[in-house]
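According to my numbering, the sequence shown is numbered sequentially starting from 21.
Backbone N, C-alpha and C define an ideal beta-carbon position, used for all residues, glycine too.
All figures in this text were calculated on a predicted structure; none of them were measured in a lab.
One structure is given below, encoded as structure tokens.
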Amino acid sequence: MTSNQPVIRFAPSPTGELHLGHAYSALFTQDKARELDARLLLRIEDIDLVRCRAGFIQGIFDDLEWLGLEWEVPVRRQSEHFADYRAALSRLEALGLVYPCFATRTEIKSAVATRPGHPRDPDGTPVYPGLSKSLSETEREARSAAGEPFAVRLDMARAQRLAREIAGSPVTFHEHQRGPGGETGDVKVDAAIWGDVVVARKDIKTSYHLAVVVDDAFQGITDVTRGQDLFYATYVHRILQVLLELPEPQYHHHELVRDTAGRRLSKSARDQSLRALRESGITASDIKAQLGFNTKGTDHPRPKKNPAE
């Protein structure tokens with residue numbers, strides 16, 4: 021092992037059982053690690069203390085071992101590192117880039133309903149309408165002192181301006197695969213499409229965006245592999261990396277496994293799990309062949325329609 025050896029990671033969230041989409045992503049990551057002669061890490065992204073379950077974590081280990089993946093130990097679990105995320109949030113606070121958001125989901129939904137044509141973010145969620153952004157410092161302190169729960173949002177306009185100043189040029193990232201719109205190579209970041217994203221939730225005081233950039237930097241991740249559904253999240257991540265003076269990884273966003281109707285597989289839709297497939301008699305070799313990973317060559321296979329259907 022050398023100090024400049026690439027490092028890559030597979031980072032599932034234990035909020036349900038893994039399905040074929042996760043299998044494709046894990047196998048893609050393993051292939052990329054072999055191609056780059058990289059260390060392969062497994063990270064458990066379990067900041068959601070309500071939805072994450074210990075049984076799901078063990079299920080992840082079982083499924084990945086069944087697929088033939090090997091990873092370094094110990095495995096980093098986000099739930100053990102909230103202090104790291106708090107430190108990163110404090111740096112953003114010191115830069116004057118965040119503010120408390122007391123608005124509830126109902127209040128946000130009602131505000132958006134009165135604004136025809138209100139923009140939506142890449143996930144299809146209405147962009148935050150700024151309900152708490154105009155509160156004075158006195159009002160914020162009073163509501164916080166009264167025990168009113170609040171999330172913390174990033175002032176994206178200010179964050180992008182400062183990130184550009186720090187970088188000395190527009191913020192970009194390098195995409196080695198393709199984004200949903202065919203984006204490849206050097207991609208210019210436009211995080212404004214997300215609006216003022218949450219960087220610390222009301223319940224856990226961090227968020228996926230903040231935790232993932234902190235973890236990638238701490239673990240020395242040089243190459244990020246993940247699905248195209250997270251391509252535009254990279255806009256937010258690059259802004260945070262610049263602001264927090266964290267290293268810039270290389271990005272490899274792969275296509276998604278979809279059903280015959282074109283819908284991407286998901287836990288929420290209760291798509292058939294790897295455990296269920298395994299218990300039905302399907303082998304790991306069957307899964308690899310069905311997903312296209314038994315082919316030889318340097319090109320990564322493109323995901324097929326859900327082979328379990």
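*From the DSSP output, which residues share a beta bridge with Ala-171?*
Taking the sequence shown and counting its residues from 1, one reaches residue 171 at position 151. Ala-171 pairs with Cys-121.
_Strand pairing of Ile-28, partner residues [DSSP]_ = As a working mapping, residue 28 is identified with position 8 in the sequence shown. BP columns for Ile-28 point to Leu-60, Asp-243.
*Across which residues does DSSP place Thr-192 in a beta bridge pair?*
For this step, residue 192 is matched to residue 172 along the sequence shown. Bridge partners of Thr-192: Lys-208.
*Does the distance from the C-beta atom of Gln-98 to that of Ile-67 stay below 7 Å?*
As a position in the sequence shown, residue 98 is number 78, starting the count at 1. As a position in the sequence shown, residue 67 is number 47, starting the count at 1. Their beta carbons are under 7 Å apart, which means Gln-98 touches Ile-67 by this criterion.
*Locate the alpha helix (DSSP H) running through Arg-233, then write down its first and last residues.*
By one-based count along the sequence shown, residue 233 stands at place 213. Inspection of the sequence shows that residue 233 is occupied by Val rather than by Arg. Looking at the DSSP string, the run of the alpha helix (DSSP H) that includes Val-233 is 228-238.
_I'd like the list of long-range same chain contacts for Thr-35, defined as Cβ closer than 8 Å, with 5 residues on each side in sequence excluded._
Position 15 of the sequence shown, counted from the first residue, corresponds to residue 35. Closer than 8 Å at the Cβ level, and outside the excluded window around Thr-35, lie Asp-68, Arg-71, Cys-72, Arg-73, Phe-76, Lys-287.
*Please work out which residues of its chain come closer than 7 Å, Cβ to Cβ, to Pro-139, disregarding the five sequence neighbours upstream and downstream, and give them in chain order.*
One-based indexing of the sequence shown puts residue 139 at position 119. Cβ within range, chain order: Val-147.
*Contacts around Met-21, its chain only, beta-carbon distance under 8 Å, and the 5 residues preceding and following it disregarded*: Position 1 of the sequence shown, counting from 1, holds the residue named residue 21. Any reading at Met-21 is ruled out, since the residue's pLDDT is 44, under 50, leaving its predicted position unreliable.
*Whole alpha helix (DSSP H) runs in the segment 70-136 with 4 or more residues, listed along the chain?*
74-87, 102-114, 125-133
*Rounded to the nearest angstrom, how far is the Cβ of Leu-115 from that of Val-219, given a contact under 8 Å?*
Looking up residue 115 in the sequence shown gives position 95. Looking up residue 219 in the sequence shown gives position 199. Between Val-219 and Leu-115 the Cβ distance is about 12 Å, and since that is not below 8 Å, they are no contact.
*How many Å lie between Leu-47 and Leu-182 at the Cα?*
For the purposes of this step, residue 47 is taken as the residue at position 27 of the sequence shown. For the purposes of this step, residue 182 is taken as the residue at position 162 of the sequence shown. Near 38 Å, if we compare the C-alpha coordinates of Leu-182 and Leu-47.
*If you pair each beta-carbon of the segment 234-253 with each one of the segment 49-56, do three or more pairs fall below 8 Å?*
yes
_Cβ pair count under 8 Å reaching 3, the segment 229-241 against the segment 250-267_ = yes
_Cutting at 8 Å between CB atoms, please list the residues of its own chain near His-42, excluding the five before and the five after it._
Along the sequence shown, read from residue 1 onward, the residue named residue 42 stands at position 22. Cβ neighbours of His-42 beyond the five flanking positions: Pro-32, Asp-83, Leu-294.
*asked:* Here's a check: name, in chain order, each residue in its chain whose Cβ is nearer than 7 Å to the Cβ of Ala-328, leaving out the five neighbours to either side.
replied: Position 308 of the sequence shown, counted from the first residue, corresponds to residue 328. Residue placement at Ala-328 cannot be trusted, given a pLDDT of 43 that sits under 50; the coordinates are not used to answer.
*Select from Glu-168, Asn-24, Tyr-44 the residue whose C-alpha is nearest the C-alpha of Gln-310.*
The sequence position of residue 310 within the sequence shown is 290, counting from 1. Taking only the C-alpha atoms, the option nearest Gln-310 is Tyr-44.
_Tell me the DSSP secondary structure of Ser-293 in three-state form._
Sequence index remark: in the sequence shown, residue 293 carries index 273 (1-based). Strand.
*Can you say whether Glu-85 is buried or exposed, counting buried as having 16 or more other CB atoms within 10 angstroms of its CB?*
For the purposes of this step, residue 85 is taken as the residue at position 65 of the sequence shown. Under this definition Glu-85 is an exposed residue.
*asked:* Just to confirm before moving on: does the CB-CB distance between Phe-102 and Phe-170 stay below 7 Å?
replied: The residue you call residue 102 lines up with position 82 of the sequence shown. The residue you call residue 170 lines up with position 150 of the sequence shown. Contact flag unset, no.
*asked:* Quick check on this structure: which residue in Thr-49, Val-118, Tyr-119, Ile-64 has the alpha carbon closest to the alpha carbon of Leu-87?
replied: Taking the first residue of the sequence shown as 1, we reach residue 87 at position 67. When each option's Cα is compared against that of Leu-87, the closest is Thr-49.
*Can you give me the start and stop residues for the beta strand (DSSP E) that Ala-166 sits inside?*
By one-based count along the sequence shown, residue 166 stands at place 146. Careful: Ala-166 lies outside any beta strand (DSSP E) and carries neither H nor E.
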